[in-house]
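Protein sequence lines, in the order shown, are assigned to chains A and B.
In terms of the numbering used here, the first sequence is residues 394 to 513.
In terms of the numbering used here, the second sequence is residues 28 to 180.
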Amino acid sequence: MRILLVDDSATMRKIQRRLLTEMGYSDILEANNGKEAMKVLSDFNYEVNLVLCDMNMPEMNGIETLVAIRAITKTIPVVMCTSVAEKSAVMEAIKNGANNYLVKPFAQDAFVAKVKPFLG
Amino acid sequence: MDYETPCIESVIETFSSMCGVEPELSGKPEIIPTPKTFRSDDVLGIIGLTGACKGDIMISMKSEIAQKLIGAFIMEEINEINDDLMDGFGEILNIIAGAFAAKVEEKKFQLALPTVMAGQHQTHIREGIRFISIPMVFPDWGEFKAMILMEEA
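In structure tokens:
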């Protein structure tokens with residue numbers, strides 16, 4: 394299982410990486426923003442099982458990243474990570490093909506519950 | 028409008044759920060007359076809010092408290108002000124501001140990107156800004172300040 398973490402915060406990527414590692418996943422890719430994410434996906438020939446994507450990022454935000462991913466593939470599950478203030482944007486994300494969303498602040502069990510269904 | 032309560036709740040909820048430590052109020056929130064020059068502690072985080080009105084949320088604390096807090100957030104020991112601390116502090120502030128904005132939904136606040144500064148800074152708060160200082164404490168670690176600055180309508 395290969396997972397791509399897209400977040401401009403290295404700290405959030407580190408926390409998500411640790412949680413995923415504790416869940417038993419080790420093939421984890423990282424991108425600092427949407428542009429980097431698109432390059433990473435292309436480099437890996439879109440063979441990624443899950444994308445966890447932050448909403449509020451510079452350069453290319455979460456919705457723009459989601460739209461760019463969906464223009465190329467509809468099959469990679471994308472879970473958007475959002476702060477509670479961005480909840481209205483969640484509807485836009487779902488309309489644009491997001492599979493689910495994770496609201497920050499989150500506890501470990503909430504993270505596992507949102508991510509696990511896409512990883513079998 | 029009461030901005031203090033949603034700010035206090037957001038700080039407590041975020042630190043509790045993301046860092047596993049629950050801060051408390053250590054005094055009454057205070058409206059500070061402006062103009063005012065505010066001197067921060069060793070670590071100062073600021074995040075802007077725009078919407079029906081403009082404002083900022085600021086958190087200021089001593090370096091050793093910030094190290095413990097962000098260490099608990101990322102579950103790694105932090106012994107200095109480094110990139111992990113600065114980035115983690117900004118992310119925590121982003122989550123607090125997001126929770127705050129949701130609690131005052133009618134203001135339709137959008138979040139700016141957070142800024143974190145190390146070292147004691149003097150910040151000039153201009154006249155016409157409602158400046159609320161909220162003294163808080165981590166019972167085992169010590170005091171810090173949460174602050175809300177809002178342009179008065």
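Even glycine gets a Cβ: it sits at the ideal position worked out from N, Cα and C.
The model shown is predicted, which means the values in this text are computed figures rather than measured ones.
K497 of chain A at chain B interface by Cβ criterion, 8 Å: yes
Complete alpha helix (DSSP H) runs within the stretch 65-142 of chain B (minimum length 4 residues, chain order): 90-101 and 110-130
Status (buried if at least 16 other CB within 10 Å, exposed otherwise) for P406 of chain A: The sequence given here places Arg at residue 406 of chain A; Pro does not occur at that position. Looking at its Cβ environment, which holds 16 or more other Cβ atoms inside 10 Å, R406 of chain A is buried.
Under 7 Å by beta carbon: chain A residues contacting I101 of chain B: T404, K407 and I408
Buried or exposed by the 16-neighbour rule on C-beta atoms within 10 Å, applied to K95 of chain B: buried
Under 8 Å between C-beta atoms of S481 of chain A and K497 of chain A: no
Contacts around S43 of chain B, its chain only, beta-carbon distance under 7 Å, and the 5 residues preceding and following it disregarded: E49
Span of the alpha helix (DSSP H), counted from its first residue to its last, around D502 of chain A: Q501 to V508
Any chain B beta carbon closer than 8 Å to L449 of chain A: Reading off the sequence, residue 449 of chain A comes out as Asn, not Leu. By this cut-off, N449 of chain A is an interface position.
DSSP state of L452 of chain A mapped onto helix, strand, coil: First, the amino acid is wrong: residue 452 of chain A is Glu here, not Leu. In the structure shown, E452 of chain A sits in coil (DSSP, three-state: anything other than H, G, I, E or B).
Cβ distance (whole Å) where R395 of chain A is taken to contact N442 of chain A below 8 Å: 5 Å
Own chain partners of M163 of chain B with C-beta closer than 8 Å, once the 5 adjacent residues on each side are dropped: I35, V38, P50, E51, L52, S53, E170, F171, K172 and A173
Chain A contacts made by the stretch 35-59 of chain B, where a contact means CB separation under 8 Å: E40, T41, S44 and M45
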